[in-house]
Amino acid sequence: MDVAALAGSLKALAADLPLPAFDAADAHFEAAQTELKEASRESNAEVGLHKLGAARERLDAARLRLGEVAEALDDYLAAIGAGTGPAAATAPAAGVPAAAPPPVDPRRWWTDRVNELCDRSGDAEPEKVPPTRLFNELLKAAGEGNADAYCKRLRDAGPETGVKLPGLAWPLVRSLAAEHLGRNPNASDVPVLRDKCVAKVRALVPKAEPLHVAEALASACTLGVGTGEDAARTAAIGPVLVAAMHRLPRQGPQDEHPKTERRA
Amino acid sequence: MSTVSVAELKSAIAAALQQVRDGQAAITAASQNIEAAQGGLTAVTAGSGHDSVATAQAALAQAAAELEQSLAATFAAAEQAEAYAATL
Chain A
1 MDVAALAGSL
11 KALAADLPLP
21 AFDAADAHFE
31 AAQTELKEAS
41 RESNAEVGLH
51 KLGAARERLD
61 AARLRLGEVA
71 EALDDYLAAI
81 GAGTGPAAAT
91 APAAGVPAAA
101 PPPVDPRRWW
111 TDRVNELCDR
121 SGDAEPEKVP
131 PTRLFNELLK
141 AAGEGNADAY
151 CKRLRDAGPE
161 TGVKLPGLAW
171 PLVRSLAAEH
181 LGRNPNASDV
191 PVLRDKCVAK
201 VRALVPKAEP
211 LHVAEALASA
221 CTLGVGTGED
231 AARTAAIGPV
241 LVAAMHRLPR
251 QGPQDEHPKT
261 ERRA
Chain B
1 MSTVSVAELK
11 SAIAAALQQV
21 RDGQAAITAA
31 SQNIEAAQGG
41 LTAVTAGSGH
51 DSVATAQAAL
61 AQAAAELEQS
71 LAATFAAAEQ
81 AEAYAATL
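Line by line, the protein sequences are chains A and B. All the letters of the first sequence, read from the start, carry residue numbers 1 to 264 under the UniProt record's numbering. All the letters of the second sequence, read from the start, carry residue numbers 1 to 88 under the UniProt record's numbering.
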C-alpha cells in the first residue's frame, strides 16, 4: 500500500471514531437524569442520579481518549509524510464501508522516498543506529560531499530513526545562523540563508526545492513553524543544511558582509 | 402535600429507564466501533512500531475501558431507579 492509501485508511478510521454515538448516549443520560430528578423531587431515595452522573463522567473520559487517538493518528501521518488534512475530507460517506487496503510498509516507503529525494536507487540494508550517530555520519558525508554515503546512511536508518533527525538539526541550524548573522535569526533572514545554502543542500538532496530549504530554515530559525508534510524530505534536508550552514562565514553584529570561510 | 400521582412518578421513571436503555445501546455501538478501529489500526499499520501508533492503540484501549465502566454505571443506575419505582 502506498502512503496515500495508508493516509486514506487512517483518515477514514479517524473520521469513523464514534463521537456521535458518545453525544447520543450522553443526551439520553442527561434526559434520564432530568426525568429522575423530577420523579425523586419529593424523596430522599437514591434513584440512580449519582450513577448516571458517574456514567457521563466516564463517557467524557472516553471522549478525551478518542481525541488522543485522532491526535496520535495525525502525528503518525505527519511522521510518514502523509500530511494532516481534515479527516472528514477524505472519509467515505456515512454508511459506505471503506475498502480495506493492504498494510503499508513504512520502511519500503522510506527507502523509496529517500531514493527519490537523493535521486538514487538501491535497497535499504536496515541498520539500527542511535539518532545522534546517524546524524554525525550524515554530517560527515555531507561535509565530504559524499552523496552516495549520505543517501545510503539515511536510507538504511529507516523512518524510526530518520524522523528524529530534525530534532537534532534545527537547534544547530539556528545556532549556526546566529553565528553567521551575529544575532538571533528571524523570519526575514530565511531568504538570504536559503540562497546561501540551497546549492549545497541540493548537491546531496537534488529533489529538495528552494522552498523546502526555506521551510526548514524557517522551522529552525523561528522556532515552531512547520516544515511541510514530508517527513523523509525534512529528515533529508536537516543534516546537509547543518553542514552547509557550518561553512558560512561568521559575521559580527555590525558587519553583515561575509568575511572569511570557516572551512574549505 | 404531593401534587404528583404515583402513576405520574412511575411514568417518569419508566421514561428515564427508556432513556438509559437508549444510551446503553449507543455505548454498545460505540464500543463495537472502537473494537473495529483497534483491529483496523493494527491491520493498516502492521509492523510500523511507531510511537504514535502505539499511542493511538493505547488510547483506543483506554476509551473502550472507560465505555465499559460507563455502561456498568448505567446498569447500576437503572437498578436503583427500578428499586425506587417498586417502593411507590
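Glycine is no exception: its CB is placed at the ideal position from the N, C-alpha and C atoms. Quick caveat, the model's predicted, so the values are computed rather than measured.
Taken residue by residue, none of the region 128-139 of chain A has a beta-carbon sitting less than 7 Å from a beta-carbon on chain B. If you ignore the 5 residues before and after Glu30(A), its C-beta comes within less than 8 Å of the C-beta of Arg56, all in its own chain and listed in chain order.
With respect to the 9 Å criterion, Val53(B) and Glu42(A) are not classified as neighbours on the basis of their beta carbons. Residues are counted here when their Cβ sits less than 7 Å from a Cβ of chain A; for the region 6-24 of chain B these are Leu9, Ala12, Ile13, Ala15, Ala16, Gln19, Val20, Asp22, Gly23, given in chain order.
Along the region 50-69 of chain A, the positions whose C-beta sits under 7 Å from a C-beta of chain B are Lys51, Leu52, Ala54, Ala55, Arg58, Leu59, Ala61, Ala62, Arg65, Leu66, Glu68, Val69, read in chain order. For Glu66(B), the chain A residues whose C-beta falls within less than 7 Å of its own C-beta are Arg58, Ala61, Ala62, Arg65, listed in chain order. Taking the Cβ atoms as the reference, Ala62(A) lies roughly 7 Å from Phe22(A), within the contact range of under 8 Å.
Interface criterion not met: the Cβ of Ala82(A) is under 9 Å from no Cβ in chain B. Going by DSSP, Gly48(A) is part of no alpha helix (DSSP H) at all; its letter is neither H nor E. Gln80(B) counts as buried, since no fewer than 16 other beta carbons sit within 10 angstroms of its beta carbon. Taking C-beta separations shorter than 8 Å and ignoring five residues to either side along the sequence, the partners of Met245(A) in its chain run Leu172, Val173, Leu176, Ala177, His180, Leu193, Cys197, following chain order.
Under a criterion of Cβ atoms nearer than 8 Å, the residues of chain B adjacent to Ser9(A) are, in order, Gly40, Val44. For a Cβ distance threshold of 7 Å, residue set Gly48, Lys51, Leu52, Ala55 of chain A lies close to Ala77(B), ordered along the chain. Under a 10 Å Cβ-count criterion, Pro191(A) is classified as exposed, with fewer than 16 other Cβ atoms of the shown protein chains found around its own Cβ. Note that the C-beta distance between Leu138(A) and Ala208(A) is not below 9 Å.
Rounded to whole angstroms, Gly162(A) and Thr132(A) show a C-alpha spacing of 10 Å. For Lys200(A), the enclosing alpha helix (DSSP H) stretches over residues 190-204. Rounded to whole angstroms, Thr87(B) and Ala14(B) show a C-alpha spacing of 14 Å. Judged by DSSP in its simplified three-state form, Arg107(A) adopts helix. Excluding five sequence positions before and after Val129(A), the CB atoms of its chain that fall closer than 7 Å to its own CB belong to Ala157, Thr161, given in chain order. Arg155(A) places its beta carbon less than 9 Å from that of Asn115(A).
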